[in-house]
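Trainee: Next up is a structure, given as C-alpha cells.
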Amino acid sequence: MATPTLTIDLDAVTANWRALDAASGPATATAAVVKADAYGLDAARVSRALAVAGVRQYFVATAEEGAALRRVLGPGPDIMVLSGHMAGDAWAIRDLVLTPVLNSAEQLARHLEALPGAAFAIQIDTGMNRLGMEPAEWAEVAGFALEHGPVLLVSHLACADDPADPMNEGQLALFRALTDGIGVPRSLAATGGILLGPAYHFDLTRPGIGLYGAAPFGAGLPAVRLSLPVVQIRELEPGETVGYGCTWTAAIPARIATLGAGYADGIPRTLSNRATLYAGAIACPLVGRVSMDLVTVDVTHLDAVPEALDLIGPSQGVDALAEAAGTIGYEILTGLGARLSRVHLGDAG
Ligand SMILES: *Cc1c(COP(=O)(O)O)cnc(C)c1O
Numbered sequence: 008m009a010t011p012t013l014t015i016d017l018d019a020v021t022a023n024w025r026a027l028d029a030a031s032g033p034a035t036a037t038a039a040v041v042k043a044d045a046y047g048l049d050a051a052r053v054s055r056a057l058a059v060a061g062v063r064q065y066f067v068a069t070a071e072e073g074a075a076l077r078r079v080l081g082p083g084p085d086i087m088v089l090s091g092h093m094a095g096d097a098w099a100i101r102d103l104v105l106t107p108v109l110n111s112a113e114q115l116a117r118h119l120e121a122l123p124g125a126a127f128a129i130q131i132d133t134g135m136n137r138l139g140m141e142p143a144e145w146a147e148v149a150g151f152a153l154e155h156g157p158v159l160l161v162s163h164l165a166c167a168d169d170p171a172d173p174m175n176e177g178q179l180a181l182f183r184a185l186t187d188g189i190g191v192p193r194s195l196a197a198t199g200g201i202l203l204g205p206a207y208h209f210d211l212t213r214p215g216i217g218l219y220g221a222a223p224f225g226a227g228l229p230a231v232r233l234s235l236p237v238v239q240i241r242e243l244e245p246g247e248t249v250g251y252g253c254t255w256t257a258a259i260p261a262r263i264a265t266l267g268a269g270y271a272d273g274i275p276r277t278l279s280n281r282a283t284l285y286a287g288a289i290a291c292p293l294v295g296r297v298s299m300d301l302v303t304v305d306v307t308h309l310d311a312v313p314e315a316l317d318l319i320g321p322s323q324g325v326d327a328l329a330e331a332a333g334t335i336g337y338e339i340l341t342g343l344g345a346r347l348s349r350v351h352l353g354d355a356g
C-alpha cells in the first residue's frame, strides 16, 4: 500500500489529559481543546476517547466544529465555541446546544436577541489583542451581561510557553482585576498556563497541544507516529542528482528510497534537504526537494531498506520535526493532510 500512515495513540492522549488534569489541581476542572479536528488527529475519535476518560467540557473554534462534535458526543458535555456567536450561528447554537464564548458587545447583543436564555460565556482580552472584549468594553457591558448569567469568563495568555515572560503576570493581574468577586467561574490557562502554576488555574483549564504530546508540555507522552511507505529504491552513480531542481548530488554511489508522502500531506517543503527520517533508530537524511506526493531519502548506509520509514516516531518527535522545519508542533500537526491513513490505537475511541 502506498498510503502514508498516521498512527494516533488514544491511550497517550487520555493519559496526557489525566496528567494535565492532575497538574490543574483538585479544585479545577480540565476541558479538552479539540478545534481543527483535534489538531489534525480526528476530533471524533479523540473526543470519544476523552469522554470515556471523563472529559465533560470541550472547546472548538467554530459553530460548525461544535455541531459536528455534538453529533459525536451526544447530549451532556459542554461544547464551547471560541469564535463566539457569528451571524448565522443561531440555529447551530440552539439545536445542538453549543455555548458560544462571546467576544464583543456586538456578539453579546446578537446572542441575547436571537436566543434569550441560551447559555453563553464571555472572553475578555487581557493583552493578546486577538479575541475578546477590551477591558473598557467589558466595563461598559459587564452589568448587563452578568444579569443574563454567563457560565464562564475566559481570557487567553499570549506568552504562556515562556514562564519567564513578564506578560504572564501582567495578564493574570488584569484578569483578576476585571473578574475578582464576580462569582462566575473563570478560565485563563491553556497548556502553557497550566504549567505556570496554581495562580493561573482558576475554575477551568483548557489544554489543547499538551493532549497531543507536543511542547510546551515536555512531560507528555508522544501520541503520533507518521510512517511513509517506500515506493521505489534506486542506485545512483556519483554525480547523479535527485528530484526537482536537481538540488542534491550523489558524491559516492548512493541508494535512494522514494517514499509516498509529500507537501500535499503536510510535510513542509522547507524540509527539502533538511529533514531526517528514521529506519528504527537509524537516521536517514531526506535528500532533494519535497514534492507533492513523494520525498526521497538517502538509505545507502542501511543493510536492508524497511517497508516504511518514520518521519514522526520514537526517534523524532513532533517538536523535533517542527524545529527542523522552522515552525511549531501545532502547525505540523494541524497541517497533516486528509490523504494520510489515520489509524487510532487504544480501545477507548
Ligand atoms: C487553541 C486555544 C487553546 C488551547 O491552547 P494550547 O496551547 O493548544 O493548549 C485554549 N484556549 C484558547 C482561547 C485557544 O485559542
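First residue of the sequence shown: 8, per my numbering; consecutive thereafter. Beta carbons are placed, not taken as given, at the ideal position from N, Cα and C, and that holds for glycine.
Return the bridge partner residues of G225 from the DSSP annotation.
Mentor: Bridge partners of G225: none, in fact.
Trainee: Determine, using beta-carbon pairs with one atom in the region 243-251 and one in the region 331-343, whether at least three such pairs fall under 8 Å.
Mentor: Output reads no: the region 331-343 does not touch the region 243-251.
Trainee: Using 10 angstroms around the beta-carbon of S348, count the other beta-carbons present and answer buried if the total reaches 16, otherwise exposed.
Mentor: With fewer than 16 other Cβ atoms within 10 Å, it is exposed.
Trainee: Taking the beta carbon of V238 as the centre, do at least 16 other beta carbons fall within 10 Å, making it buried, or is it exposed?
Mentor: Answer is exposed; the Cβ neighbour count stays below 16.
Trainee: State the start and end residues of the unbroken beta strand (DSSP E) segment that holds Y65.
Mentor: First-last of the beta strand (DSSP E) with Y65: 64-67.
Trainee: What did DSSP end up calling R193 once you bin it into helix, strand or coil?
Mentor: If DSSP states are grouped into helix, strand and coil, R193 belongs with the strands.
Trainee: In its own chain, which residues sit with a C-beta less than 7 Å from the C-beta of W255, not counting the 5 before and 5 after it?
Mentor: Hits under 7 Å: T248, V249, N280, V294, G295.
Trainee: At the level of alpha carbons, what is the spacing between A43 and A327?
Mentor: For A43 and A327, the distance between alpha carbons rounds to 22 Å.
Trainee: Is any non-hydrogen atom of ligand 1 found closer than 7 Å to the C-beta of P214, if you look at the structure I gave you?
Mentor: Checking the Cβ of P214 against ligand 1 gives yes.
Trainee: If we define contact as Cβ-Cβ less than 8 Å, is L233 a contact residue for chain C?
Mentor: The structure shown has no chain C; it contains just one protein chain.
Trainee: Is the Cβ-Cβ distance between I100 and L122 less than 8 Å?
Mentor: Contact flag set, yes.
Trainee: Would you be able to state if there are at least three C-beta pairs under 8 Å between the region 223-242 and the region 8-21?
Mentor: The region 8-21 vs the region 223-242: in contact.
Trainee: Under the assumption that L179 contacts I131 (Cβ atoms under 8 Å), give the Cβ distance between them as a whole number of angstroms.
Mentor: Contact doesn't hold; Cβ gap of about 13 Å is too wide.
Trainee: On a CA-only basis, which of A126, H155, L159, A221 is nearest G336? Give me that one, please.
Mentor: Of the candidates A126, H155, L159, A221, the one whose C-alpha sits nearest the C-alpha of G336 is A221.
Trainee: Per the DSSP calculation, I15 is bridged to which residue(s)?
Mentor: Answer is V231, H351.
Trainee: In chain order, what residues of the same chain have a beta carbon less than 6 Å from the beta carbon of R276, not counting five sequence neighbours either side?
Mentor: So the qualifying residues of the chain are Y270, V297.
Trainee: Examine ligand 1 and report whether any of its heavy atoms sits within less than 7 Å of the Cβ of L89.
Mentor: Yes - ligand 1 has a heavy atom lying nearer than 7 Å to the Cβ of L89.
Trainee: If you measure from the CB of T307, is any heavy atom of ligand 1 nearer than 7 Å?
Mentor: Answer for T307: no, Cβ out of range of ligand 1.
Trainee: What are the boundary residues of the alpha helix (DSSP H) that includes I358?
Mentor: The structure shown does not extend to residue 358, since the chain spans only 8 to 356, so no value can be given for it.
Trainee: Within the same chain, show all residues whose beta-carbon is closer than 7 Å to that of H155, passing over the 5 residues directly before and after it, in chain order.
Mentor: So the qualifying residues of the chain are L119.
Trainee: Do G47 and ligand 1 come close, with the Cβ less than 7 Å from some heavy atom?
Mentor: Flag unset: Cβ of G47 not near ligand 1.
Trainee: Where does W24 sit, in a helix, a strand or coil, going by DSSP?
Mentor: Note: W24 maps to helix in three-state DSSP.
Trainee: Looking only at its chain, what residues have a beta carbon closer than 6 Å to the beta carbon of G356, apart from the 5 residues adjacent to it on each side?
Mentor: Confidence at G356 is low in this model, with a pLDDT of 48, below 50, so its placement is unreliable and the value that follows should be read with caution. Cβ within range, chain order: L17, R52, R55, A56.
Trainee: Could you check if A29 belongs to the surroundings of ligand 1, using beta carbon to heavy atom distance under 7 Å?
Mentor: A29 Cβ: outside cutoff for every heavy atom of ligand 1.
Trainee: From this set, E144, M93, I201, E242, which residue's C-alpha is nearest A39's C-alpha?
Mentor: When only C-alpha atoms are compared, the closest one is I201.
Trainee: Would the region 100-112 count as touching the region 140-159 if we require 3 or more Cβ pairs under 8 Å?
Mentor: Flag = yes, the region 100-112 and the region 140-159 touch.
Trainee: Determine the direct distance from the alpha carbon of A258 to that of T37, and round the result to whole angstroms.
Mentor: Approximately 54 Å, taken between the alpha carbons.
Trainee: Examine the Cβ distances between the region 210-224 and the region 314-327 and report whether three or more of them are shorter than 8 Å.
Mentor: Touching, per the Cβ criterion.
Trainee: Which class does C253 belong to by DSSP, given the choice of helix, strand or coil?
Mentor: It is helical.
Trainee: Residues in its own chain within less than 8 Å of L153 by CB, not counting five upstream and five downstream?
Mentor: Result list for L153: I189, V191, in chain order.
Trainee: Taking 8 Å as the threshold (C-beta atoms), are H208 and S31 in contact?
Mentor: Yes.
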